[in-house]
Amino acid sequence: MALTILGLSGALTHDPSAALYIDGKLVAAAEEERFVRDKHAKNRMPYEAAKFCLEFAGIKPQDVDAVAIPFAPISISEPARWHYAKRYWYAPDRGLDAILTGNRRYYRYKKRIEWCLAQLGFDLKKTEIVPVEHHLAHASSAYHCSGFQEKTAILGIDGKGEYATTFFGYGENGRIHKIKEFYDPDSLGGLYGAITEYLGFEMLDGEYKVMGMAPYGDPDKYDFSRLAKFENGELVIDTDYANVIGFRRYKENGKGYYFSPKLIDWLGPKRAGDIADEPYIHYAASMQKLFEDLSLKMIDHYLGDILRDTGRLAFAGGGALNVKLNQKIIARPDLRELFVQPASGDSGTAVGAASYVSVARGVPVEKMEHVYLGPRYANEDVIAACAKHPAQPTWQQISDVPARIAQVLADGNPVAWFQGRMEFGPRALGGRSILGCPSAAGVADRINEQIKFRERWRPFCPSMLDTVGPQMLQTDHPAPFMTFTFEVAEEWKSRVPEVVHEDGTSRAQVLKREFNPRYYDLMKELEKLTGNGVVLNTSLNRRGEPMICSPTDALNMFFGSDLQYLIMEDVLVVKEGAALG
Numbered sequence: 001m002a003l004t005i006l007g008l009s010g011a012l013t014h015d016p017s018a019a020l021y022i023d024g025k026l027v028a029a030a031e032e033e034r035f036v037r038d039k040h041a042k043n044r045m046p047y048e049a050a051k052f053c054l055e056f057a058g059i060k061p062q063d064v065d066a067v068a069i070p071f072a073p074i075s076i077s078e079p080a081r082w083h084y085a086k087r088y089w090y091a092p093d094r095g096l097d098a099i100l101t102g103n104r105r106y107y108r109y110k111k112r113i114e115w116c117l118a119q120l121g122f123d124l125k126k127t128e129i130v131p132v133e134h135h136l137a138h139a140s141s142a143y144h145c146s147g148f149q150e151k152t153a154i155l156g157i158d159g160k161g162e163y164a165t166t167f168f169g170y171g172e173n174g175r176i177h178k179i180k181e182f183y184d185p186d187s188l189g190g191l192y193g194a195i196t197e198y199l200g201f202e203m204l205d206g207e208y209k210v211m212g213m214a215p216y217g218d219p220d221k222y223d224f225s226r227l228a229k230f231e232n233g234e235l236v237i238d239t240d241y242a243n244v245i246g247f248r249r250y251k252e253n254g255k256g257y258y259f260s261p262k263l264i265d266w267l268g269p270k271r272a273g274d275i276a277d278e279p280y281i282h283y284a285a286s287m288q289k290l291f292e293d294l295s296l297k298m299i300d301h302y303l304g305d306i307l308r309d310t311g312r313l314a315f316a317g318g319g320a321l322n323v324k325l326n327q328k329i330i331a332r333p334d335l336r337e338l339f340v341q342p343a344s345g346d347s348g349t350a351v352g353a354a355s356y357v358s359v360a361r362g363v364p365v366e367k368m369e370h371v372y373l374g375p376r377y378a379n380e381d382v383i384a385a386c387a388k389h390p391a392q393p394t395w396q397q398i399s400d401v402p403a404r405i406a407q408v409l410a411d412g413n414p415v416a417w418f419q420g421r422m423e424f425g426p427r428a429l430g431g432r433s434i435l436g437c438p439s440a441a442g443v444a445d446r447i448n449e450q451i452k453f454r455e456r457w458r459p460f461c462p463s464m465l466d467t468v469g470p471q472m473l474q475t476d477h478p479a480p481f482m483t484f485t486f487e488v489a490e491e492w493k494s495r496v497p498e499v500v501h502e503d504g505t506s507r508a509q510v511l512k513r514e515f516n517p518r519y520y521d522l523m524k525e526l527e528k529l530t531g532n533g534v535v536l537n538t539s540l541n542r543r544g545e546p547m548i549c550s551p552t553d554a555l556n557m558f559f560g561s562d563l564q565y566l567i568m569e570d571v572l573v574v575k576e577g578a579a580l581g
């Protein structure tokens, strides 16, 4: 009998998702936000995502052996709840709550999962729900999906799960061993999130904006070391300033933040607006430097011996999306390969919990080599969506899509590219992307002004052929998921300037043809036309919206922007006045 495990995330009231493993193969995975068109799908359960996974695999609820969830009860005999109570002494109601009813969130979440399963047609009397500790789910999503056979160092950094905020461990022979955990409020991810709020962005959404702003500032202009220390193997956040709760919070218009008025007294008013200006660019740079420095110290302290032994590291949790930190980790002389789970945030814990349970039941899971795990649509679906759309799109079915679209790109036009299965995780990787020619001057600004309506200082990223990666990035380290930045070779900085960030780096996707042949062939055609097998790639969505899922979503976005070209499978949609080529 096949072992079928459904993973459902959403424990932390954001980023619910579903993932389905059948006999160790990740058959389908998707985030709820894409279906319900609500970014991060806060306070929802992964109903549509789970429904998609089951339908895609052609299975019924009764075929599922277990439902894995990435949140578990934490025993009062362990240090986590006591640490929380002691460190939040100034909010005694919260401290007592942690000690007396510390698993209330878990039970509330389990009830909501049961409700969701009942809606999907599961018989709760016959359905086994298996809780997996949040950080073990992150660890599994990194280690079990890495394909590493040797002893592997495992790192997890995020805001917090049940209580844990940081995880150090190792994987050996398919088993995960904990070395050390830190607990709330001692959270580097939480600190980064608090400073993200102070810099005027939303926590759990704007951290990458802070990272994009950092290269414009001077990290040595302000000393942020008072905010966090790592000494004698312990991480301590100064809760006079950040990771604060209760009355210590800074409040504005009735909203409480994760930093205190004391932070405002020290650094000045909270940033507002879209401009990356002083002193805030320097604050972003200082926060990024502190995050990198402390992370690298902690890695050395807890994982250094394993790295010196085998050189393998698997990393997940929201902190793993910090591509600048990842660049520094790869630069360690003892590191041979870093695997970062492409859906490192909480959506990836559906994969993590399901993979953990699969392995525990004796079925190892395969290496995660691509993220094309969501819905796909045929030409007929696309044409039906065009026929129904109120904008009455002008469309035609074309042949030789890669060559035709490469020409449109080479002529300097951005193109909305909708092909194959939707990506899982936060990065567009050639399934639901907006593309541009990276040697066409000003194309990044055009995409920003006409389509993405996003902050000017945020970088655009390249996808490239696997034949180009080693030349442009000066390394043959695998980079299939845009989870790392690399220093761009001098010659390439002038060849593809639109995808090189302020600090001379690129967050790159290096593609092997087997995982997305059509996207690969497009880059081959572009290489024939421009000499560069590289394309500018950003996600197919407008600012503040989740990535596009269906043809109708794509048409809505297309007609709500100044884009001129949209290719969905073989169907090309153009606006009036755009040349059909």
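With the UniProt record's numbering as the guide, the letters of the sequence shown map in order to residues 1 to 581.
All C-beta atoms in this analysis are idealised placements derived from N, C-alpha and C, irrespective of residue type, glycine included.
This one's a predicted model, so the numbers in the text were calculated from it and none came from an experiment.
| said: Distance check for K367 and E337, CA to CA, integer angstroms please. | reply: Here residue 337 corresponds to residue number 337 of the sequence shown, with the count starting at 1. Here residue 367 corresponds to residue number 367 of the sequence shown, with the count starting at 1. Roughly 14 angstroms separates the two Cα atoms.
Separation of L26 from L321, as counted between CA atoms: As a position in the sequence shown, residue 321 is number 321, starting the count at 1. As a position in the sequence shown, residue 26 is number 26, starting the count at 1. About 21 angstroms.
Could you round the C-beta distance between F56 and A28 to whole angstroms and report it? I think they count as a contact, below 8 angstroms. Along the sequence shown, one-based indexing puts residue 56 at 56. Along the sequence shown, one-based indexing puts residue 28 at 28. Yes, F56 and A28 are in contact; Cβ-Cβ is about 4 angstroms, under 8 angstroms.
*asked:* Assuming the contact rule is C-beta atoms closer than 8 angstroms, V382 and P551 should be a hit. Round their C-beta distance to whole Å, please.
replied: For the purposes of this step, residue 382 is taken as the residue at position 382 of the sequence shown. For the purposes of this step, residue 551 is taken as the residue at position 551 of the sequence shown. 5 angstroms between Cβ atoms; contact.
Nearest to K151 (by Cα), restricted to the options C145, A142, A164 and Y170: Along the sequence shown, one-based indexing puts residue 151 at 151. When C145, A142, A164 and Y170 are compared, the shortest CA-CA separation from K151 is found for Y170.
Going by DSSP in three states, E498 sits in which element: helix, strand or coil?
Residue numbering aside, residue 498 sits at position 498 when the sequence shown is read from its first letter. The answer is helix: DSSP assigns E498 an H, G or I state.
Practice item. Please name the residue, chosen from V363, R34 and A164, that lies closest to S539 on a Cα-to-Cα basis. Key: Against the sequence shown, residue 539 aligns to sequence position 539. The option with the nearest alpha carbon to S539 is R34.
Could you give the first and the last residue of the continuous alpha helix (DSSP H) run that contains A30? Residue numbering aside, residue 30 sits at position 30 when the sequence shown is read from its first letter. Note, A30: premise wrong, no alpha helix (DSSP H); beta strand (DSSP E) at K25 to E31.
- Message: If the criterion is Cβ atoms closer than 9 angstroms, does the pair P319 and S344 meet it?
- Response: Counted from its first residue, the sequence shown places residue 319 at position 319. Counted from its first residue, the sequence shown places residue 344 at position 344. Here residue 319 is Gly; the residue named in the question, Pro, does not match the sequence. Closer than 9 angstroms, so yes.
**Contacting residues, own chain, Cβ-Cβ under 7 angstroms from K51 (five flanking each side not counted)** = One-based indexing of the sequence shown puts residue 51 at position 51. Excluding residues within five positions, the ones whose Cβ falls inside 7 angstroms are L120.
Checklist line | G348 beta carbon less than 9 angstroms from that of S17 | finding: Here residue 17 corresponds to residue number 17 of the sequence shown, with the count starting at 1. Here residue 348 corresponds to residue number 348 of the sequence shown, with the count starting at 1. Taking 9 angstroms as the Cβ cut-off, S17 and G348 qualify as a contacting pair.
| request: Given a cut-off of 9 angstroms, decide if V443 and E498 are closer than it, judged by their beta-carbon atoms. | output: Taking the first residue of the sequence shown as position 1, residue 498 is located at position 498. Taking the first residue of the sequence shown as position 1, residue 443 is located at position 443. Contact: yes.
Should A164 and Y258 be called a contact, given that it needs their Cβ atoms to be closer than 9 angstroms?
Locating residue 164 in the sequence shown gives position 164, where the first residue counts as 1. Locating residue 258 in the sequence shown gives position 258, where the first residue counts as 1. No, these two residues do not count as a Cβ contact at 9 angstroms.
Exposed or buried, which one is L307 when buried takes at least 16 other CB atoms within 10 Å?
Taking the first residue of the sequence shown as position 1, residue 307 is located at position 307. Answer is buried; the Cβ neighbour count reaches 16.
Q. Within 10 angstroms of its Cβ, does R44 collect 16 or more other Cβ (buried), or is it exposed?
A. On the sequence shown, residue 44 is found 44 positions in, with the first residue counted as 1. Answer is buried; the Cβ neighbour count reaches 16.
Using 10 angstroms around the beta-carbon of S225, count the other beta-carbons present and answer buried if the total reaches 16, otherwise exposed. The count along the sequence shown starts at 1 and reaches residue 225 at position 225. By the neighbour-count rule (16 or more Cβ atoms within 10 Å), S225 is not buried but exposed.
Contact defined as beta carbons within less than 8 angstroms: I believe E181 pairs with E162. What is the distance between those atoms, to the nearest angstrom? For the purposes of this step, residue 181 is identified with residue 181 of the sequence shown, where counting begins at 1. For the purposes of this step, residue 162 is identified with residue 162 of the sequence shown, where counting begins at 1. Going by Cβ atoms, the distance from E181 to E162 rounds to 10 angstroms, so no, they are not a contact pair.
Q: Within the same chain, show all residues whose beta-carbon is closer than 7 angstroms to that of G206, passing over the 5 residues directly before and after it, in chain order.
A: Counted from its first residue, the sequence shown places residue 206 at position 206. In its chain, beyond the 5 residues on either side, T196 have a beta carbon closer than 7 angstroms to the beta carbon of G206.
Item checked: Of the listed residues T394, P73 and K328, nearest to L555 (C-alpha basis) -> The residue you call residue 555 lines up with position 555 of the sequence shown. Of the candidates T394, P73 and K328, the one whose C-alpha sits nearest the C-alpha of L555 is T394.
Query raised in the report: To which residues does DSSP link Q509 through a beta bridge?
Result: Your numbering for residue 509 matches position 509 in the sequence shown. According to DSSP, which records beta bridges pairwise, Q509 is partnered with S463.
Is the separation between the beta-carbon of T485 and that of N326 shorter than 9 angstroms? Numbered from its first residue, the sequence shown carries residue 485 at position 485. Numbered from its first residue, the sequence shown carries residue 326 at position 326. A contact, by the Cβ cut-off of 9 angstroms.
Q.
Which complete beta strand (DSSP E) runs does the segment 297-338 hold, if anything under 3 residues is left out?
A. Secondary structure in the segment 297-338: the beta strand (DSSP E) runs of 3 residues or longer, each lying completely within the stretch, are 312-316 in chain order.
Our contact map puts A142 next to L188 with C-beta atoms below 8 angstroms; I'd like the distance itself, whole angstroms only. Your numbering for residue 142 matches position 142 in the sequence shown. Your numbering for residue 188 matches position 188 in the sequence shown. Actually they do not touch by this definition, with Cβ atoms about 17 angstroms apart.
Report task. Compare the C-alpha of A428 against each of F167, A41, S399 and L511 and name the closest. Result -> What you label residue 428 is simply residue 428 of the sequence shown in a count that begins at 1. Measuring from the Cα of A428, the nearest candidate turns out to be L511.
Who are the near neighbours of M422 in its chain, counting only those whose CB is closer than 6 angstroms to its CB and skipping five residues on each side?
Position 422 of the sequence shown holds residue 422. For M422, where only same-chain residues beyond five positions count, the Cβ hits under 6 angstroms are G374, P375, G431, R432 and C549.
- Residue nearest to F339 in terms of C-alpha spacing, selected from T483, L263, Y250 and D158: Numbered from 1 along the sequence shown, position 339 holds the residue referred to as residue 339. Cα-wise, what sits closest to F339 is T483.
Next item on the list: Name the one or two DSSP bridge partners that G200 has.
Entry: Counted from its first residue, the sequence shown places residue 200 at position 200. None; G200 has no bridge partner.
Candidates I264, Y198, K125 and A350: which alpha carbon is nearest G317's? Here the question's residue 317 lines up with position 317 in the sequence shown. For the residues I264, Y198, K125 and A350, the minimum Cα distance to G317 belongs to A350.
is_contact[Y241, chain C] using C-beta, thresh 9 angstroms: Although the question refers to chain C, the structure presented lacks it and comprises just one protein chain.
Opening and closing residue of the beta strand (DSSP E) in which E455 lies: As a working mapping, residue 455 is identified with position 455 in the sequence shown. Counting along the chain, E455 falls outside any beta strand (DSSP E), and DSSP gives it neither H nor E.
### Query
So does the segment 113-132 actually touch the segment 289-298, counting three or more Cβ pairs closer than 8 angstroms?
no
Next on the checklist: Using C-beta distances below 8 angstroms, list every residue in its chain close to L526, excluding the 5 sequence neighbours before and after it, in chain order.
Outcome noted: As a first step, residue 526 must be located in the sequence shown, where it is residue number 526. Setting aside the 5 residues that flank it on each side, L526 is surrounded in the same chain by A406, L409, A410, C437, N532, G533, V534 and V535, each with a C-beta closer than 8 angstroms to its C-beta; the list follows chain order.
(message) Going by C-alpha to C-alpha distance, which of G304, G420 and Y280 sits closest to K221?
(response) Against the sequence shown, residue 221 aligns to sequence position 221. That would be Y280, whose Cα lies nearest to the Cα of K221.
### Task
Measure the alpha-carbon distance for F201 versus K125 and round it to whole angstroms.
The residue labelled residue 201 in the question sits at position 201 within the sequence shown. The residue labelled residue 125 in the question sits at position 125 within the sequence shown. Distance between the alpha carbons of F201 and K125: 44 angstroms.
Task: T530 (DSSP reduced to helix, strand or coil) - done: Taking the sequence shown and counting its residues from 1, the one referred to as residue 530 is at position 530. Reduced to three states, the DSSP call for T530 is helix.
Just the C-alpha distance for H477 and L335, rounded to the nearest angstrom, thanks. Working through the sequence shown from its first residue, we reach residue 477 at position 477. Working through the sequence shown from its first residue, we reach residue 335 at position 335. Cα to Cα, H477 sits roughly 11 angstroms from L335.
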